[in-house]
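Numbering (my numbering), first residue to last: 1006 to 2016.
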């Protein structure tokens, strides 16, 4: 069967070539890289930076504003958790109760379909028995996404529509209104968006601040005012009436539109005189209570976070979001400021994952290209046959394109892990091509086959050769594939992380194997059967090759193009060489030199600052050393193996030493030879491990560290310090403002935006004491949108030429030059944006740590946005490693945590600034203890009293205005000056059953309680 397949494609070469063209076209269409498909429609493989290794999780969020965490836990979180336990496929349930909010995280088994689990939760929530939750409390299912889906963050700013320069001119409440009722809805309509959550600014609301003295004078209770507010905001429809045979729709207009509408509402009538709301309260427009905010470089900001739907293509979603932003920009409000400047609201991104995705994929694309070039160099050197080298090398890109097709069909995302599987397979793919082509060359060189290069005889020769090695090649490939079978059966996070690698490696190898048995024989036939017998035709073709190379170099400036004229010139003078193979050797040398030049220009192993020639010689040295070693091994293999067999015991010393040395490097000297130290300690040498030899060896060979997932350079940090649990909002605002101001002064930092508290999303359960500062730092060298370094024009002195006519030399002192001021030049130099003392991103992080020291603020581990989401989804903490402290009571846990923090900071291998203890003690309580005996004396019920306290202190949203698209709450409460201290609270007016009003202190006591 296998031989029949090989024969069919070899004899039907037109079909094979059509299949090859189809694979190349389809592969180019599905390739995840940022390629211009031209006439080909683009349907790329979904792209992300790293795989989502989070749990199969759904979130149920419940809001009960004003309630303490204890109330939330006992009355919402616990009953909901017990009700949700019976859902099929639930693995575990975690929950968090915080002020006003309950979050329940339902972890399902990995084999449970994502949207099926959501339907089961909704079914359970809709069938909760009455009385399970307090009245008016309604749980909701979170967005169909995970926290890793937060792919795009932005702020709203006033900017000049012509220049794009910041202009200001907009208040935080105005920007928040634009965000909530324009921007949020527009972006939510983008394909693939699950949620757009608002953060920062002030939510506008109508505030009715009651005057207790006026209420007492008019004999009005707080309940009377509440009823008046609720009944003052109503539109009705009254069917239709006909007037002169025309039908008119009847509407009663009564919605609140202005403050005066609310002020004129009647509370009651005294002596035929109406008592209006304005008589007993102050009505104004103000900010609602908030539990989160945004700060950009020390200035209050308004923004939002875009969350991608589960299973969507993040890069495609971001492009859709940007498209929606462009569509709605014209409709965003603008105004003319007092100085005549036009200020228009603009959407300004500060975190855009498309950058890190493109940079990651671009890096992998470059790595794959360089890997293929290296393979081509090795093939040319080893085989010394350009025809064979071209056939073998062509297998690599074609097999990769075929792998992209299969990835698209199997819905395998292209990320750093999946594409690494392709990179791993490149070397083995080369072996497939080498085996099939080399065996054909061997058959061609047999005496009986001399001169057979065309026709059916040549087809038969290729068929016999390929059939001879096809079965052993399949067996060898199956051995490689089977070795990865355990990876396919990994579960949980390990499976999600490494299965894509196993899939892509297997897919690529199978693709290469199939192409090797079908396409490679056909290509071998055409490349080896083409013989140009006419000298004139050869001369014309070589002249065309020379001219084409010169034209290509003139238009592109790529020096590698000069290899084509060199090929042509060498071929024109081929008749002057006595040995026919000399031409082949020279052409092979030209190809190797050209490939090495290109490899050097893309790789730059010792860095751009060292110049091209130093990098070129380093590349040459690497190639020469590695290939030289293997050439010596091949040429002297017979003598070497004879010596090893004759001196078996001497030879065994080499693998034994290598094994011991390798284990020492891997496990560490102390772990591997610990038994020796224990032996000496047993016989009485107790301080053997403190000897100089042991200490030096253990220090030199500590062992190789382990990491679950390698760190990805995302181009930004996520700083996550916390303040003390009792810290108020005003202090937290000062913290985040100070952090952003300090960090923004670091030259390598491009922008910094800090978030305190939570965004309006179930995916963000952060308390007000938690900060998230997104710090975008400049790349070491200026990059284009695909993450590739850009070159700029310089003169002979090494000075950068600027558009204004001036120059800049890096040795004159560090200075940031805008990209628009530099002149692009494909032959120029890269522009470095870091100070000379900044070598890596670790140095930038250390600069951030140096300015982080603020009293009352904890330190923060070094995290990046995607990395932080992964860590928090995996561990529930904001650090990849932590200790859980258990104890009989909170005081013991608190004491133990502090002792551990102090001890861990003294461990030599731990950076002290990364150790912090999350306090278990929460915010303090101000508890109002009701005296039921006194309440009974005045005829006051618990419900009535609690409602008055809730409305007066916390504020109660009574109704919602309808102003076109916009909706604003109307809230009733006491003025701030009458509710800021326990003494003021004790004087709250409480209506009694007889109509009299008494202070709260008559029926309740106010006490401080530790949280």
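Heads up, the beta-carbon is just placed ideally off N, CA and C, and yes, glycines get one too.
Query	Result
Local conformation of residue 1172 per DSSP, three classes	coil
Beta-carbon proximity check, residue 1553 vs residue 1569, cutoff 8 Å	yes
Residue 1435 burial status per 10 Å Cβ neighbour count (16 or more: buried)	buried
Heavy atom of the ligand SAM within 7 Å of residue 1981 beta-carbon	With respect to the ligand SAM, the structure offers nothing, as it holds no ligand at all.
Residue(s) in a DSSP beta bridge with residue 1351	1162
Option in 1797, 1884, 1866, 1466 with minimal Cα separation from residue 1453	1466
Residue 1722 - DSSP class collapsed to helix/strand/coil	strand
Closest residue to residue 1504 among 1515, 1517, 1082, 1490 (Cα-Cα distance)	1490
Inside the stretch 1636-1668 only - alpha helix (DSSP H) runs reaching at least 4 residues	1642-1651
Buried versus exposed call for residue 1200 [16 or more other C-beta atoms within 10 Å across all chains shown]	buried
Supposed contact pair residue 1670 and residue 1706 - C-beta distance, whole angstroms, cut 8 Å	6 Å
Local Cβ density within 10 Å of residue 1867, reported as buried at 16 or more and exposed below that	buried
Validate contact between the stretch 1782-1795 and the stretch 1836-1843 using beta carbons, cut 8 Å, 3 pairs	yes
Per-residue DSSP class, three states only, for residue 1917	helix
Opening and closing residue of the beta strand (DSSP E) in which residue 1145 lies	1144-1146
Reduced DSSP category for residue 1966 - H, G, I as helix; E, B as strand; rest coil	strand
Beta-carbon proximity check, residue 1734 vs residue 1757, cutoff 8 Å	no
Inter-residue Cα distance where the pair is residue 1721 and residue 1302	15 Å
Cβ distance (whole Å) where residue 1433 is taken to contact residue 1514 below 8 Å	6 Å
Local conformation of residue 1007 per DSSP, three classes	helix
Beta carbon of residue 1597 nearer than 8 Å to that of residue 1719	no
Between the CA atoms of residue 1349 and residue 1340 - distance to the nearest angstrom	6 Å
Residue 1768 and residue 1338 closer than 8 Å at C-beta	no
Beta strand (DSSP E) segment containing residue 1244, residue limits	1241-1248
Other residues of its chain near residue 1237: CB distance less than 6 Å, five sequence neighbours each side excluded	1270
Sequence-distant residues of the same chain with beta carbon closer than 6 Å to residue 1248, five excluded per side	none
C-alpha distance - residue 1205 paired with residue 1342, whole-angstrom precision	23 Å
First through last residue of the alpha helix (DSSP H) which encompasses residue 1952	1947-1954
Where residue 1203 sits in the DSSP three-state scheme	strand
Residue environment, residue 1649, which counts as buried when at least 16 other CB atoms sit within 10 Å	exposed
Chain-order list of residues whose beta-carbon lies under 8 Å from that of residue 1843 (same chain, five-residue window excluded)	1753, 1849, 1852
Candidates 1601, 1613, 1017: closest to residue 1626 by CA position	1601
Segment contact, 8 Å Cβ cut-off, at least three pairs: the stretch 1117-1124 with the stretch 1054-1066	yes
Which of helix, strand or coil DSSP assigns to residue 1882	coil
Beta-carbon proximity list for residue 1763, same chain, < 7 Å, skipping 5 on both sides	1296, 1297, 1769, 1770, 1771
Terminal residues of the beta strand (DSSP E) in which residue 1977 lies	1971-1978
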